[in-house]
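Right, one structure below, let's go through it.
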Amino acid sequence: MDSAEVDSSNWNIIYPTYLDKDCTSSQGRKINLSVAVSKPTIEEIKIVCEKLNIPHVVEEKKRYPRNWMVPGRVRVCLRDSETNEKTRTKKQVMCEIATLISQLKTRQQPKQTAQSTPTSKKKPNKKRR
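Counting from 1, position 80 in the sequence shown corresponds to residue 80 in the UniProt record's numbering; the numbering is continuous, with no gaps.
Shown next, in the form of structure tokens:
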């Protein structure tokens with residue numbers, strides 16, 4: 001969604017750190033560790049928001065104050081456009097996003113074929129004197 005189309009100043013903000021499994025709750029993780037994903041990106045959050053049909057705006061130049069090395073944030077609208085009522089909480093949306101990020105094709109580990117493991121060769125025992 002283009003930021004010029006709609007006023008997103010009162011939308012909720014989701015930083016990648018909120019969903020990061022590698023961060024502690026004091027470092028900024030907002031969801032349960034069992035749901036969190038390792039090093040999410042704003043691109044992945046954007047893809048999942050599109051999949052969930054959540055109105056969103058990506059702000060690439062913004063940074064999370066506690067972890068300013070990770071660029072970007074995503075603003076999401078949690079209110080229904082017709083009735084202006086909250087459809088779900090921010091935490092519910094973050095859990096849904098993290099669950100779907102872990103299911104993305106870019107996150108799937110390629111299955112390794114069963115390769116024959118090389119046999120280890122033992123050195124012959126040397127006799128002690």
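For each residue, glycine too, the CB sits at the ideal point set by N, CA and C.
Looking at residue j and residue i, is the spacing between their C-beta atoms short of 7 Å?
i, j, result
"residue 76", "residue 12", "yes"
"residue 16", "residue 40", "yes"
"residue 74", "residue 45", "yes"
"residue 98", "residue 19", "yes"
"residue 42", "residue 58", "yes"
"residue 80", "residue 89", "no"
May I ask which residues mark the beginning and end of the alpha helix (DSSP H) holding residue i?
i, result
"residue 93", "90 to 102"
"residue 42", "42 to 51"
Kindly give me the distance between the Cβ atoms of residue i and residue j, rounded to whole angstroms, as I take these residues to be in contact under 8 Å.
i, j, result
"residue 21", "residue 38", "5 Å"
"residue 66", "residue 109", "Actually they do not touch by this definition, with Cβ atoms about 30 Å apart."
Over what stretch of residues does the beta strand (DSSP E) that includes residue i continue unbroken?
i, result
"residue 60", "56 to 64"
"residue 31", "Unbroken run through residue 31: none, as it is neither H nor E."
Determine which residues share a DSSP beta bridge with residue i and list them.
i, result
"residue 20", "37"
"residue 76", "12 and 56"
"residue 84", "Per DSSP, none; premise fails for residue 84."
"residue 67", "64"
Please find out if some non-hydrogen atom of the ligand NAP comes closer than 6 Å to the beta-carbon of residue i.
i, result
"residue 81", "The ligand NAP is not among the ligands present in this structure, which contains no ligands whatsoever."
* Taking one C-beta from the segment 86 to 103 and one from the segment 46 to 55 each time, how about it: are there three or more such pairs within less than 8 Å? -> Flag = yes, the segment 86 to 103 and the segment 46 to 55 touch.
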